[in-house]
Amino acid sequence: MKMMITLGVLFITSIQPMLIILSMIMIVLFYSLYMKWMLMSFWFSYMMILVLMSGVLVIFTYMMSVLPNESFENSGMLFLLIGMYYLYNKLNYYEFVLDLSISSMEIWVSYLFVVSMFLVMYLLFLMILVVWISMMEMGAIRIM
Numbered sequence: 094m095k096m097m098i099t100l101g102v103l104f105i106t107s108i109q110p111m112l113i114i115l116s117m118i119m120i121v122l123f124y125s126l127y128m129k130w131m132l133m134s135f136w137f138s139y140m141m142i143l144v145l146m147s148g149v150l151v152i153f154t155y156m157m158s159v160l161p162n163e164s165f166e167n168s169g170m171l172f173l174l175i176g177m178y179y180l181y182n183k184l185n186y187y188e189f190v191l192d193l194s195i196s197s198m199e200i201w202v203s204y205l206f207v208v209s210m211f212l213v214m215y216l217l218f219l220m221i222l223v224v225w226i227s228m229m230e231m232g233a234i235r236i237m
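As structure tokens, then:
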């Protein structure tokens, strides 16, 4: 759960499109693993990976065809955030192992289901919209 929060902060604070797409892919993977862990069934999380990753990859190809190539800037805040996360995780490892309130997270599954269905419908809509926009003139999206 802490990793999801860290990836969410990374997603919000990043400026570069490649970093945004990478954080979205990591969020989808961790979210599907979380859903598998909570529902004890891999089928729903597998379908979530297929739908969400296809939407993310469609957005990725659209962004890469429209935006120019940019080099990554070294962000000190990003390294500080990652370092703080690992330090915090290392210090609180035994508290996490001994904490039994994780099993009480089942009450949030219904809320996660609503959020996940919203994300699935949103990404499906974006995927259809990007395909429709790219097929309007049967040509490249980016004008050279």
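The sequence shown begins at 94 in the numbering used here and counts up by one.
Where a beta carbon is used, it is the ideal one built from N, C-alpha and C, also for glycine.
Every value quoted in this text rests on a predicted model; they were computed, and no experiment measured them.
N- and C-terminal bounds of the alpha helix (DSSP H) containing residue i
i: M133; result: No alpha helix (DSSP H) contains M133, which DSSP labels as neither H nor E.
CB-CB length for residue i against residue j, believed under 8 Å
i: M220; j: S147; result: 6 Å
i: M141; j: M128; result: 6 Å
i: S134; j: S125; result: Their Cβ separation, rounded to whole angstroms, is 12 Å, which puts S134 and S125 out of contact at 8 Å.
Candidates the options, of which the one nearest residue i by Cα
i: L212; options: I114, L222, V149 and V159; result: V149
i: M228; options: L112, V207 and Y155; result: Y155
i: L217; options: W136, V207 and L145; result: L145
i: S116; options: M210, M133, F153 and L143; result: F153
i: V223; options: Y124, S158, V151 and M210; result: V151
i: Q109; options: M119, M210, M157 and S125; result: M157
i: V208; options: I226, L112 and V121; result: V121
i: M111; options: I226, W225, V159 and M210; result: V159
Contact test: residue i Cβ vs the ligand ATP heavy atom, cutoff 7 Å
i: M140; result: The ligand ATP is absent from the structure shown, which contains no ligands of any kind.
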